[in-house]
Structure formats: structure tokens, C-alpha cells
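Data block below; observations after.
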Amino acid sequence: MSAESSGMRARYDRAARRYGTWWSPVLEPTARRVLERVDPKAVAGAPAILDVGTGTGTLAFAALRRWPGATITGIDASGGMLREARGRAERLPAADRSHITFQVAEADRLPFPDRSFDVAVSSFVLQLVPDRSAALREVARVLRPGGMLAFVTWMTSRQSFPPDEAFFDVVDELELPDDDREEDRSGDFASAREANRELRDAGYRSIDARRDWLDHAWDPAQYADFLEQYGEYELFRSLPRRLRLELSERTRERLGELPAEAFRWRAPVVMVTARRPA
Ligand SMILES: C[S@@+](CC[C@H](N)C(=O)[O-])C[C@H]1O[C@@H](n2cnc3c(N)ncnc32)[C@H](O)[C@@H]1O
3 MSAESSGMRA
13 RYDRAARRYG
23 TWWSPVLEPT
33 ARRVLERVDP
43 KAVAGAPAIL
53 DVGTGTGTLA
63 FAALRRWPGA
73 TITGIDASGG
83 MLREARGRAE
93 RLPAADRSHI
103 TFQVAEADRL
113 PFPDRSFDVA
123 VSSFVLQLVP
133 DRSAALREVA
143 RVLRPGGMLA
153 FVTWMTSRQS
163 FPPDEAFFDV
173 VDELELPDDD
183 REEDRSGDFA
193 SAREANRELR
203 DAGYRSIDAR
213 RDWLDHAWDP
223 AQYADFLEQY
233 GEYELFRSLP
243 RRLRLELSER
253 TRERLGELPA
263 EAFRWRAPVV
273 MVTARRPA
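To convert, take the position in the sequence shown, counting from 1, and add 2; that gives my numbering.
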């Protein structure tokens with residue numbers, strides 16, 4: 003594992019509890035639409051489903067609710083995220099609990115034999131893996147021939163979000179350090195066409211890649227809490243108390259000046275389904 007990917011894993015380990023509170027509810031409605039795109043024939047009977055980068059288990063639990071006969075395996079690089087997922091699994095009825103397992107693993111080194119799964123799903127992960135082509139090929143390896151991959155991830159966007167602009171104006175005014183962390187990640191897709199090409203190059207066929215949107219209306223009063231508790235948590239924590247309070251107060255002031263419509267967030271994503279050739 004590269005230093006960068008172990009840095010990312012450590013960050014998710016630290017953020018796991020806060021992720022479940024602050025970020026996963028924002029992603030969840032869009033993540034769940036991935037399941038609507040899975041061909042019902044691929045999940046007939048008692049399918050084996052892999053959730054790649056399951057995090058706190060959003061897609062894994064939604065898949066189990068949707069297909070109660072399925073056996074679901076969620077993998078993630080972060081043990082901290084999986085601790086949260088396992089905590090959720092413990093609250094399931096015992097009969098359901100036996101259908102879901104979580105395992106620490108990297109997307110490009112899956113600890114499963116070839117042809118182990120009927121379907122693989124993933125939400126908001128494939129932008130993070132260091133080598134997306136390697137991860138896609140590895141997922142194809144563990145899919146049975148004809149098996150289906152369905153995922154969503156971010157598409158690059160030039161659209162700015164006024165609450166973030168307001169926050170970074172304050173960061174600049176206070177002359178706080180920019181987060182210039184370099185990460186070894188694949189990044190967002192530039193277009194649906196690029197996603198299609200990457201999937202084809204990784205050996206998939208019957209590819210359907212399309213742009214979609216994540217729409218979320220932030221509660222203006224809560225957005226400052228979100229920044230402090232999740233979005234810009236590391237920046238807030240890195241500051242001495244006086245500066246931290248000043249950043250918090252000025253941010254709240256600026257956000258309070260924005261109209262409620264400014265908090266409607268619309269971000270482009272790519273929704274993809276594809277098959278491992280039969
Ligand atoms: C934004 S979260 C998405 C979690 C979940 N799928 C969801 O929709 O809420 C990204 C997840 O990908 C995991 N991740 C990042 N790189 C990974 C890799 N190379 N292999 C496996 N998991 C990875 C992170 O640990 C984190 O849990």
C-alpha cells in the first residue's frame with residue numbers, strides 16, 4: 003500500500019463516526035439509485051453481491067433490504083469505517099445478520115477467488131482508488147462471467163457552491179494554510195464518455211455510463227456545523243483555539259448572509275452499469 007493510500011485510510015479511520023452522521027446521509031439517496039440500475043435477472047434467487055468501498059455499509063444494507071435472499075460482502079480499506087458498518091449489522095435481526103459480512107481489503111487486491119460474485123456495486127469510491135484500471139480489472143476477476151458491476155462516483159464540476167466560497171473567503175482573510183495535500187487517487191471522471199472508455203479498457207462490455215446529479219438542500223443553519231464536524235474538520239482541529247473560534251464565528255456570519263437558495267447543492271455524478279463478458 004502506498005503512503006498516500008495509507009494516509010487516506012487513516013483519515014477515514016479517524017472520520018468514521020462523523021462520516022455516518024454528516025456525510026453518508028448526503029450521499030445515500032444517490033448511492034441507492036445504483037441498486038435501481040441493477041438488472042433484476044442478475045440478482046434473481048440468492049445472489050452473491052460485493053460492495054466495493056462499503057464504508058459504513060450504505061449500499062450493503064440497502065441491498066439486503068432490497069434483495070433479502072442475497073449474501074452481501076462489503077470490503078473497505080478502512081477498518082474504522084467497517085467498525086461502524088459492523089455496529090449497524092449487530093442491530094439487524096440475526097437471520098439478516100448472517101447475510102452480510104465486512105472485510106478489510108483494497109479494491110485492487112480483493113481477497114476472493116475468481117468468479118465469486120454475481121454483482122458488484124460501489125458508491126463514491128472509484129474516485130479515491132490509486133489505480134482505477136487495476137481496481138476495475140480486479141472487480142471483473144471476482145465477478146462471474148456475465149456478472150454485473152454497477153457504481154456511482156463523482157464527475158468533475160466547475161460549478162462553485164456559494165457557501166464554500168464564503169468559507170474559503172474567510173480562510174483567506176485569516177491567512178490560514180491551504181490544504182495542499184497531494185493524494186494518489188484516480189480522481190473524478192471528466193465525462194460519462196471517459197467512464198465508458200475506462201470500463202471498456204478494463205475488459206467490461208454492455209456498458210451504460212450516464213451523467214446524473216446529486217441534489218441536496220443543505221440546512222443553512224447546519225452547514226457551518228457540517229464544515230466544522232466533517233468537511234473541514236482537520237483544518238479546524240489544526241488551529242489554536244482562538245483562531246478556531248474566529249474561523250467558526252466569521253463563517254457563521256458569512257453563511258447567515260446568504261439566501262436559502264444558495265444552499266441547494268447540485269453536483270454531477272456518473273452512474274455506470276457494465277458486464278464482465280460471458
Ligand atoms: C466516500 S466513502 C463512500 C462509502 C460508501 N460507499 C458510501 O456510499 O457511503 C469512500 C470509501 O472508500 C474507501 N476506500 C478508499 N480507497 C479505497 C481502496 N483503495 N480500496 C477500498 N476502499 C477504499 C474509504 O475507506 C471509504 O470508506
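Ideal Cβ positions, reconstructed from N, Cα and C, are used throughout, including at glycine. Please read all numbers here as calculations on a predicted model, not as lab measurements.
Any non-hydrogen atom of ligand 1 closer than 7 Å to residue i Cβ
| i | result |
| --- | --- |
| V125 | The displayed chain sequence assigns Ser, not Val, to residue 125. Yes. |
| L61 | yes |
| E140 | no |
| G205 | no |
| T23 | no |
| A122 | no |
| R11 | yes |
| A269 | no |
| L286 | Limits of the chain in this structure are 3 at one end and 280 at the other, which puts residue 286 out of reach. |
| G258 | no |
| L94 | no |
| L201 | no |
| M273 | no |
| Y14 | yes |
| L241 | no |
| T56 | yes |
| V131 | yes |
| I209 | no |
| D78 | yes |
| E108 | yes |
| A33 | yes |
| M83 | yes |
| S188 | no |
| S8 | no |
| S250 | no |
| S135 | no |
Start and end residues, beta strand (DSSP E) containing residue i
| i | result |
| --- | --- |
| M150 | 145-156 |
| S208 | 207-219 |
| V173 | Where V173 is concerned, there is no enclosing beta strand (DSSP E), although the alpha helix (DSSP H) it sits in stretches over 164-175. |
| P270 | 266-277 |
CA nearest to the CA of residue i, picked from the options
| i | options | result |
| --- | --- | --- |
| S162 | A46, R20, F265 | F265 |
| A142 | A64, A204, A62 | A204 |
| D15 | P31, A33, P42, G55 | G55 |
| T158 | D41, P270, R254, E38 | P270 |
| S26 | E263, H218, L178, L176 | H218 |
| D190 | T73, R20, V272, W69 | V272 |
| A168 | P70, L249, G71 | L249 |
| W215 | R20, A136, T155 | T155 |
| D166 | G89, L229, G71 | L229 |
Check whether residue i and residue j have beta carbons under 8 Å apart
| i | j | result |
| --- | --- | --- |
| M83 | R277 | no |
| S100 | A50 | no |
| P132 | R187 | yes |
| F126 | A192 | no |
| V40 | L61 | no |
| A280 | R254 | no |
| D120 | V45 | yes |
| T58 | A96 | no |
| A211 | A223 | no |
Below-8 Å beta-carbon distance, residue i vs any chain C residue
| i | result |
| --- | --- |
| E248 | Chain labels in this structure do not include chain C; a single protein chain is all it has. |
First and last residue of the uninterrupted alpha helix (DSSP H) at residue i
| i | result |
| --- | --- |
| R39 | Where R39 is concerned, there is no enclosing alpha helix (DSSP H), given that its DSSP letter is neither H nor E. |
| A50 | Premise fails: A50 lies in the beta strand (DSSP E), 50-54, not in any alpha helix (DSSP H). |
| A194 | 194-203 |
| Q224 | 222-228 |
Whole alpha helix (DSSP H) runs in the region 71-132 with 4 or more residues, listed along the chain? 81-92, 96-99
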